[in-house]
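Colleague: I'd like to ask you about the structure that follows.
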Amino acid sequence: MNRYMSKLKRFEIVILLTKYLGRLADLRRWCRAFHFRSIFPKLFVTRIFGVKEMEAGKNFLSVAKFFPVLLPFLFFSCGSDEEQQDVSLTSAVLVNEAARERWMREIPAFRIYWEEIHQRLASPFPVLSLQPDEMDEQGRLAQQLALQNKQFVRDLFEPQSGQPLHSEVMRAAPLSQEVLTRNRLNCREGSCYEVQLYNFFFNHTTTAWVDVSSRQVLNVSVKSGARATNERLKRLAREVVLHTPAVLEALAVKPAVAKNLNSAVLPARCERSRHLGLAPVFEHGGRLLWVLVDATDWKVVGYKWMNGRLSDWQAKVAPISERTIQTEAVMSNFCEQSHDLQRDDWSMEYVLQPSDGLELKNLRYKDRQVLLSSKLVDWHVSYTFKKGFGYSDAVGCPQFSSAAVVAFRGPKVEAILSDGGDTLGFALVQDFRSPVWPLNCNYRYENRYEFYRDGRFRIAGVNHGLGCGVTGWYRPVFRIDLGEGGVERMQRYEAKAWRTLEREAWHLQEKQTEYSPEGYLYKWYLSERSGYYLEPGRGQFGDGGRGDHAYSYVCLCKPEEGEEDMTTFGPCCQEDEMQGPEQFLQPAEPLAGKDLVLWYVPQMSNDNRPGQEYCWAAVIVEDGRQKDISWPGTVGPMFVPFSE
Amino acid sequence: MSKRKKRSTRKSGRKAAASSSGKKWFWLVAAMVLLALGVYQFFPDEGSQSNRKGYAHPQAGDYCKREPLFPANYGLQSPLLIDLSQRQGIGLFILEARQGGRSLHLPQWDFMGPLGPYALDEQGNIYLAPVPHVSLPPEALRHQNRIYRIDGQTGEASLFVELPAADLPSSRNPFGVMGLAYDCDSQTLYASSVAGSTPGEEKGRIYQIDVQSKELLDSLQDMDVLGLGIFNHRRGKRLYLGLARKPEVYVIELSDKGRFSGEPGFAFSLQQLSGGQYEQAHRIRFTRKPEMEIKAIEFNYTLMAASDPLRNIYLFDYNNKTDDWIFSDFHSQ
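Residue numbers (our numbering), protein chains in the order written: chain A, 124 to 767; chain B, 3 to 335.
Spelled out as structure tokens, the structure:
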């Protein structure tokens, strides 16, 4: 008997060991849950035991024998630095995966849904009805009656082009007693239904109240945003998330395991894109993983781990939205945090500043310091239709800044290719947007730094419109500090020769401006015999740019003159040299033997003429949904190295 | 069994001793309670429950507010609207509330710059606070924690009070005063300020200000609040607070003299209302009906909010039976 008991106890111990060791992949999470930083090696666990064994808790004997070895690791490994960079448990993570083609291949239900949309869009009545299993008999009748109502289906086509729009019935259910009472509706018990139709282009919901007993539509109203989501979309959103590698990695389980996790799909907001949002949530390891899906573009926006239980969130709106996910990810990963980038022969640091855009720092090319700092302080916007009307838009962090146009995500690195497809270099690009660009009086700008393999680099600003109308003038204000803070010299090409600038001064790039035969305007000596030419934009860079027409201000480098993060700088609506930096030229000081800074303020005007759009944006119909397009205007000088 | 009995005997002995000392404690505690009650009677706590009266006629705390008189001198006819939208120009514009009505803006108001919250009192005086609007010149930063007053009789604008702050507004948080509300019963003005708050620290304050003496009478600390609204409930006066960092509205009880009583508590979440969004209660207003109207914005401590054309409005009906609010509607402005 004793022997039997002893065996049973041993068996229980082994079961316990299996239970905990089978979830060793979660140890890192435990460490983080207790605010320890851990390198508790996922690698260690997975390499010795194999992920499969860990997840399924199989082969516990082979796992159990390592327990004495693992125990010290568990306690002593919590606290190293590696986990500091892994913020997925405490901060939102952006995924931005829009793999519609892959999901169509991998998720049969998604393919069927997408094909159905296209079939409906090709039909004279482009409405996707509610699935039969999502409503009762009376609900089906209510849907039928609503869809026969002209007012209910008035937005099925884009008014100007007549293109069909994707509209989908989200709900056909009895009206609640509260609504009946509040609106004094006299319905026979259970005979009044609410039918909701969501329009993916306009991002609005048309609601019909239908009395099925009298077969009458009592009321039709339209409200912005989605008011409900059908079960089919919820199932698809969950499937899409389960086919997103970044999410599976966050869950640290295989798809088969993830499928069986306790989960739900709640309504969420994509308030910036004005799209339909859904938030699948998974309960795992005592926490909730919230994932945001943009169900208009079918994009997994991002995810966030939070404390709590799924049962606490029944019939509620998700605690995440497009804005909160994006803001949190940018604030915790980029804002005022220095990052290093090394590529080709270039190395640099970049920092997203609160109100001065993406600042480039300590740029080096082949071990030589090229630039100390470059930033885009402001965008001055004015309109000729009303004198004095405009804005000084600072760009920067999405929280706690003076920026009006903010970062929705971190910077991207993209290749620069020749027409033949050869790689010429790379670009570091940071996007900034107003909340609901491209709607009226909303703006979108980019900081764009281009680095070429031959040692050239370009500091550019990109304007995607839309602004408050045509006849808009945009003037980005760049602060450029080349070199490494030593003695510098600046020359300007004038009267067919390079002439040294003796004192601080400003200059306007006009039609009659003279350039060197190569097209250079300034020659910036960083040492006795070498430095960089400045080649202003004149429409020659092949990016559709129409020239810089820039004011340039050559100043002494003084920390108090723009080195720190600035609120908005200079007035919005001056058409002359009074753009802000002119105040640093008073009085004009001698430049000889000093460190120099260049303030560069290009000018561009927008254009909405069909076929000639520039600094302009529009919303078009694609697959019955909204698609934002833009015609960017790009300005900024190229820096070309020289050595004498 | 005997062991148990023995223990029981010991227990009863202990009980007797405890009972005697317990009686002493009882009398001591009773005496202290009586003493405390006596002290309380003579020196009542300013914000205590006993010092809060209910209101037979529930209504907005600024029920006495009236229009300024000076616009009539410039030919404007009542009813009037206060326009701070910056659509017509920077600063305050007073409009006739009718189609094609005239508007008034006095050049002497320009020094105040762009303005955000406002409140009216029973004299028609207008209390206003600056707010950065898309652009913010560095010199305007230090003015963000001011409240201005425009005299209801003359239209003359002056600095009413400059509020103390945990820290000065900066490029990282360019905001100061965000909400104003006037209470007719106590003749005091409430102002919320987020000046000095940082991503990691909530350093905002809410002040009660005597409009006659300009004295700061009471304050709440370490709480970032945008919208303010006062309502006289049957069970007492309450100040509603729109949080700056969450889509939530809090409420705190006020004494007859308008002092803060107790701690602010959660009232409701905008996000959890039908159609509600993750946005902050920027303005809280009570109509005569009475109805609570909350105008919400996306607030991130950036100037972005100013360029966002979308404002959502949440409406609540007053429930006379429960003396509370029932969410009734949500729509975009």
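We put the beta carbon where it would ideally sit given N, CA and C, even for glycine.
Please list the terminal residues of the continuous alpha helix (DSSP H) segment that includes A586/A.
Modeller: Going by the sequence as given, residue 586/A is Asn instead of Ala. Segment F580 to L589 is the beta strand (DSSP E) holding N586/A; no alpha helix (DSSP H) there.
Colleague: Quick one: which unbroken beta strand (DSSP E) runs of 3-plus residues sit fully inside the region 210-240 of chain B? Chain order, please.
Modeller: Listed in chain order, they are 218-223 and 227-235.
Colleague: Would you say P477/A lies against chain B (beta-carbon separation less than 9 Å)?
Modeller: So yes, P477/A belongs to the interface.
Colleague: Are the region 450-467 of chain A and the region 492-510 of chain A in contact at 8 Å, needing three or more beta carbon pairs?
Modeller: With the cut-off at 8 Å, the region 450-467 of chain A and the region 492-510 of chain A do not touch.
Colleague: If you compare alpha carbons, which of V552/A, D542/A and L384/A is closest to G535/A?
Modeller: The sequence shown places Lys at residue 535/A, rather than the Gly named in the question. Among V552/A, D542/A and L384/A, the Cα nearest to that of K535/A belongs to V552/A.
Colleague: Would DSSP call Y525/A helix, strand or coil?
Modeller: The amino acid at residue 525/A is misidentified as Tyr; the sequence shows Ser. S525/A falls in the coil class under three-state DSSP.
Colleague: Do L320/A and F275/A have their CB atoms nearer than 9 Å?
Modeller: Cβ atoms of L320/A and F275/A: closer than 9 Å.
Colleague: In chain order, which continuous runs of the alpha helix (DSSP H) of length 4 or greater are located wholly inside the region 286-323 of chain B?
Modeller: Listed in chain order, they are 306-309.
Colleague: Assuming Y645/A and L657/A are in contact, meaning their beta carbons sit under 8 Å apart, how far apart are those beta carbons, in whole angstroms?
Modeller: Sure, about 4 Å apart at Cβ, within 8 Å.
Colleague: Leaving out the 5 sequence neighbours to the left and right, which residues in its chain are closer than 8 Å to G584/A when beta-carbon positions are compared?
Modeller: If we look at G584/A and ignore the five residues flanking it on each side, its Cβ neighbours are L499, W502, Y568, E569, N570, R571, P599, F601, P725, T757, V758 and G759.
Colleague: Assign F198/A to one of two classes, buried (16 or more other C-beta atoms within 10 Å of its C-beta) or exposed (fewer than that).
Modeller: Residue placement at F198/A is poorly supported in this model, since its pLDDT is 40, which falls under 50; the coordinates still yield a value, given next. The residue in question, F198/A, is exposed, as its Cβ has fewer than 16 Cβ neighbours within 10 Å.
Colleague: Would you say S753/A faces chain B, with C-beta separation under 9 Å as the test?
Modeller: No, no contact with chain B.
Colleague: Are C186/B and E255/B touching if we call contact CB-CB under 9 Å?
Modeller: Contact flag unset, no.
Colleague: Let me make sure I understand the geometry here. Which of Y316/A, H366/A and T328/A has the alpha-carbon closest to that of L279/A?
Modeller: Comparing Cα-Cα distances from L279/A to each of Y316/A, H366/A and T328/A, the minimum goes to T328/A.
Colleague: What would DSSP say about Y236/A, mapped onto helix, strand or coil?
Modeller: Correct three-state label for Y236/A: helix.
Colleague: When the cut-off is 9 Å and only beta carbons count, does Q274/B lie next to chain A?
Modeller: Closer than 9 Å: yes.
Colleague: Excluding five sequence neighbours on each side, which residues of the same chain lie with their C-beta closer than 8 Å to the C-beta of V528/A?
Modeller: Contacts found: W502, D516, A517, V518, F555, R556, S557, Y566, R567 and Y568.
Colleague: Cβ closer than 7 Å: which chain B residues qualify as neighbours of R350/A?
Modeller: By Cβ distance, chain B contributes G277.
Colleague: Could you tell me which residues DSSP pairs with D185/B in its beta bridges?
Modeller: DSSP, once it has assigned bridges, lists T190/B as partnering D185/B.
Colleague: When the distance is taken between beta carbons, is S455/A closer than 9 Å to S214/A?
Modeller: Going by C-beta atoms, S214/A is nearer than 9 Å to S455/A.
Colleague: Out of L253/A, T419/A, E641/A and V720/A, which has the shortest C-alpha to C-alpha gap to V318/A?
Modeller: Checked all of L253/A, T419/A, E641/A and V720/A; the closest Cα to V318/A is L253/A.
Colleague: Can you give me the C-alpha to C-alpha distance between R243/A and W413/A, rounded to a whole angstrom?
Modeller: Their Cα atoms are separated by approximately 32 Å.
Colleague: Decide yes or no for the touch test of the region 477-486 of chain A against the region 695-704 of chain A: beta carbon pairs closer than 8 Å, at least 3 of them.
Modeller: No contact exists between the region 477-486 of chain A and the region 695-704 of chain A.
Colleague: Taking a contact to mean a Cβ-Cβ separation below 9 Å, would you say S221/B touches R207/B in this structure?
Modeller: Yes, these two residues count as a Cβ contact at 9 Å.
Colleague: Short check: CB of E445/A to CB of R392/A, under 9 Å?
Modeller: In this structure, R392/A lies closer than 9 Å to E445/A by Cβ.
Colleague: For the region 190-209 of chain B, enumerate the residues whose C-beta is nearer than 9 Å to any C-beta of chain A, in chain order.
Modeller: Going along the region 190-209 of chain B in chain order, one finds S199, T200 and P201 with a Cβ nearer than 9 Å to chain A.
Colleague: Just the Cα atoms here: how many angstroms apart are R669/A and Y676/A?
Modeller: Each residue's alpha carbon lies about 21 Å from the other.
Colleague: Measuring only between beta-carbons, confirm whether V136/B sits less than 9 Å from chain A.
Modeller: Yes, V136/B lies at the interface with chain A (some Cβ there is under 9 Å from its Cβ).
Colleague: Suppose contacts are defined by Cβ-Cβ distances below 9 Å. Is L82/B in contact with G93/B by that definition?
Modeller: No. Outside cutoff.
Colleague: Rounded to a whole number of angstroms, what is the C-alpha to C-alpha distance between Q283/A and I743/A?
Modeller: Cα to Cα, Q283/A sits roughly 11 Å from I743/A.
Colleague: D516/A by DSSP, collapsed to three states: which one?
Modeller: DSSP places D516/A in strand when its eight states are reduced to three.
Colleague: If I'm right that G178/B touches Q146/B with Cβ under 8 Å, what's the distance once you round it to whole angstroms?
Modeller: At roughly 3 Å, the Cβ-Cβ gap stays under 8 Å, so G178/B and Q146/B are in contact.
Colleague: Taking M761/A as the reference, give the member of I603/A, L303/A and V218/A with the closest Cα.
Modeller: Answer by Cα proximity: I603/A.
Colleague: When the cut-off is 9 Å and only beta carbons count, does G519/A lie next to chain B?
Modeller: Chain B, which has a Cβ nearer than 9 Å to the Cβ of G519/A, makes this yes.
Colleague: Would you please verify whether the beta carbon of T447/A is less than 9 Å from any beta carbon of chain B?
Modeller: For T447/A, the answer is yes, since a Cβ of chain B falls inside 9 Å of its Cβ.
Colleague: Check H672/A in the structure and name its three-state DSSP category.
Modeller: Of the three classes helix, strand and coil, the one that applies to H672/A here is coil, per DSSP.
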